[in-house]
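What follows is a single structure, written as structure tokens, with notes after it.
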Amino acid sequence: MHFTFNFSMDAISLIPKVKLVEKGLISRKFLEIGLLEFSQAIQYVHSVKYGYNSNYDDPLILFKENKGTCTSKHATIARLAEEQDIPLFKNVGIYKMTEEIVTGTQEILTAHDIPYIPMIHCFLVYQQHRFDLTEGNANGKKRPINNFIQIKQVSPEFSQKEEYLWFKDVLRGVILKSDEMKGTKEIEILKARQKGILLLKSKIA
Numbered sequence: 373m374h375f376t377f378n379f380s381m382d383a384i385s386l387i388p389k390v391k392l393v394e395k396g397l398i399s400r401k402f403l404e405i406g407l408l409e410f411s412q413a414i415q416y417v418h419s420v421k422y423g424y425n426s427n428y429d430d431p432l433i434l435f436k437e438n439k440g441t442c443t444s445k446h447a448t449i450a451r452l453a454e455e456q457d458i459p460l461f462k463n464v465g466i467y468k469m470t471e472e473i474v475t476g477t478q479e480i481l482t483a484h485d486i487p488y489i490p491m492i493h494c495f496l497v498y499q500q501h502r503f504d505l506t507e508g509n510a511n512g513k514k515r516p517i518n519n520f521i522q523i524k525q526v527s528p529e530f531s532q533k534e535e536y537l538w539f540k541d542v543l544r545g546v547i548l549k550s551d552e553m554k555g556t557k558e559i560e561i562l563k564a565r566q567k568g569i570l571l572l573k574s575k576i577a
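Under the working numbering, the first residue of the sequence shown carries the number 373, and numbering increases by one thereafter.
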């Protein structure tokens, strides 16, 4: 099963104008820096520089390091939504990374004789509207990710370990059983994935 979405930052305008109320760590932090509405918090996180964080288990890491990836950006807003009782949720998805998305991928695909590298990306969902707070950021990708092999709604606290275990489940239960990956060994995909992560990191200034 494959999922295709159209992502748009315009979806933010559909979220009700909600004044922030201090109900936890994240709302307190946004109020401290002078952001009074939920929509302002979203715009702020979107504007934060794209960059890899040192500790994804720290709920305030985006503020401490003034940068974030899809993981930390979307976790921050999903935590805020949870505190404010707004039905907005973080989702993770596995997409097909190719040369069309990240320059330099083809060399990895050729080395491991695979058609794509399965990689994880995440985004936010409000009702049926989806948006990505890394859209337009210098995130190493040439275009937005709109197509996914598998998606899953997760809690803001969804850890990297949980994410990897879910990835392995989808890898074994869906990806390796597909015609595209027929005859491919799991270890080849995992090696390619590690190279793909390093490739993406090399694209970030």
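Backbone N, C-alpha and C fix where the C-beta goes; we use that ideal spot for every residue, glycine too. Source: prediction; values computed, not measured.
Item                                                                                                                                                                                              : Value
With a threshold of 8 Å on Cβ separation, who are the neighbours of Gly568 within its own chain once the five nearest residues in sequence on each side are excluded?                             : Met469, Val474, Thr477, Ile480, Ile489 and Met491
Whether or not the region 395-408 and the region 509-517 are in contact is what I'm after, with contact meaning three or more pairs of Cβ atoms, one per stretch, closer than 8 Å; do they touch? : no
Using a Cβ-Cβ cutoff of less than 8 Å, which residues in the same chain neighbour Val464 once the five nearest sequence positions on both sides are dropped?                                      : Ile492, His493, Cys494, Ile523, Lys524, Val526, Phe530, Glu535 and Trp538
According to the neighbour-count rule (16 or more other Cβ atoms, all chains shown, within 10 Å of its Cβ), is Asp457 buried or exposed?                                                          : exposed
Can you check which of these residues, Lys445, Gln532 and Phe461, is closest to Val497 by C-alpha distance?                                                                                       : Phe461
Return yes when the Cβ of Ile398 is within less than 8 Å of the Cβ of Thr448, no when it is not.                                                                                                  : yes
Among the residues of its own chain, which have a CB less than 6 Å from the CB of Gln532, if the five just before and after it don't count?                                                       : Tyr428
So what's Lys573 in DSSP terms, helix, strand or just coil?                                                                                                                                       : helix
Closest by CA to Lys549, which one among Thr443, Ile521 and Ser385?                                                                                                                               : Ile521
Taking the DSSP output, what are the residues bridged to Arg502?                                                                                                                                  : Val497
Using beta-carbon positions only, say whether Lys439 and Gly423 come within less than 8 Å of one another.                                                                                         : yes
Is the beta carbon of Tyr576 less than 8 Å from the beta carbon of Gly512?                                                                                                                        : First, the residue type needs correcting, since residue 576 is Ile and not Tyr in the sequence shown. Going by C-beta atoms, Ile576 is nearer than 8 Å to Gly512.
State the DSSP-derived secondary structure class of Phe530, mapped to helix, strand or coil.                                                                                                      : coil
Secondary structure at Tyr422, three-state DSSP: helix, strand or coil?                                                                                                                           : strand
Check Val390 in the structure and name its three-state DSSP category.                                                                                                                             : coil
Under the DSSP definition of a beta bridge, which residues are partnered with Phe461?                                                                                                             : Val497
Between which two residues does the alpha helix (DSSP H) harbouring Arg451 extend?                                                                                                                : Cys442 to Glu455
Evaluate Asp504 with the Cβ neighbour count: other Cβ atoms within 10 Å of its Cβ, from every protein chain shown; 16 or more gives buried, anything less gives exposed.                          : buried
Taking the alpha carbon of Asp430 as the reference point, which residue from Ala453, Ile561 and Pro528 has its own alpha carbon closest?                                                          : Pro528
Once DSSP output is grouped into helix, strand and coil, what is the label at Ile561?                                                                                                             : helix
Out of curiosity, what's the CA-to-CA distance linking Gln415 and Glu437?                                                                                                                         : 17 Å
What's the C-alpha gap between Thr556 and Pro459?                                                                                                                                                 : 40 Å
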